[in-house]
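Structure, as structure tokens:
Numbering (the numbering used here), first residue to last: 19 to 130.
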């Protein structure tokens, strides 16, 4: 039986908006939406150097847009498995400025 976790993500909206304008960050987000991945897998699927992929992963995680968990491999080696932390970010222009609403995901990947 698989349990579902539901929690509102803590998103840095200003950082998120900046990342939405970044081609590499968007490519990573689109790839993670399809399938949670390690940094090595993202390097294979996304157009970017190792350094660029890791920098964007750190920025996306710091902004609260993605999460990670430790994945233990046979032999004791481990790596991070990255996954989307949000389902949707909505931005509305109001009389008082901008209003944002963040919708978290409830399907964080679990070890099988």
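Even for Gly, the Cβ is constructed at its ideal location relative to N, Cα and C.
Remember, predicted model here, so these are calculated numbers, not experimental data.
Residue j beta carbon less than 8 Å from that of residue i
i: residue 29; j: residue 120; result: yes
i: residue 31; j: residue 118; result: yes
i: residue 34; j: residue 81; result: yes
Sequence-distant residues of its chain with Cβ nearer than 6 Å to residue i (five each side left out)
i: residue 85; result: 101, 103
i: residue 88; result: 96
i: residue 44; result: none
Cβ-based burial, residue i [other Cβ within 10 Å; buried from 16]
i: residue 50; result: buried
i: residue 112; result: exposed
i: residue 36; result: exposed
Cβ shell of residue i (< 7 Å), same chain only, five flanking positions each side left out
i: residue 66; result: 42
i: residue 68; result: 61
i: residue 106; result: 121
i: residue 123; result: 102, 103, 104, 105
Chain-order list of residues whose beta-carbon lies under 8 Å from that of residue i (same chain, five-residue window excluded)
i: residue 71; result: 42, 46, 57, 60, 61, 64
> Which runs of the alpha helix (DSSP H), 4 residues or longer, sit entirely within the stretch 46 to 100?
Replying inline: 57 to 63, 68 to 81
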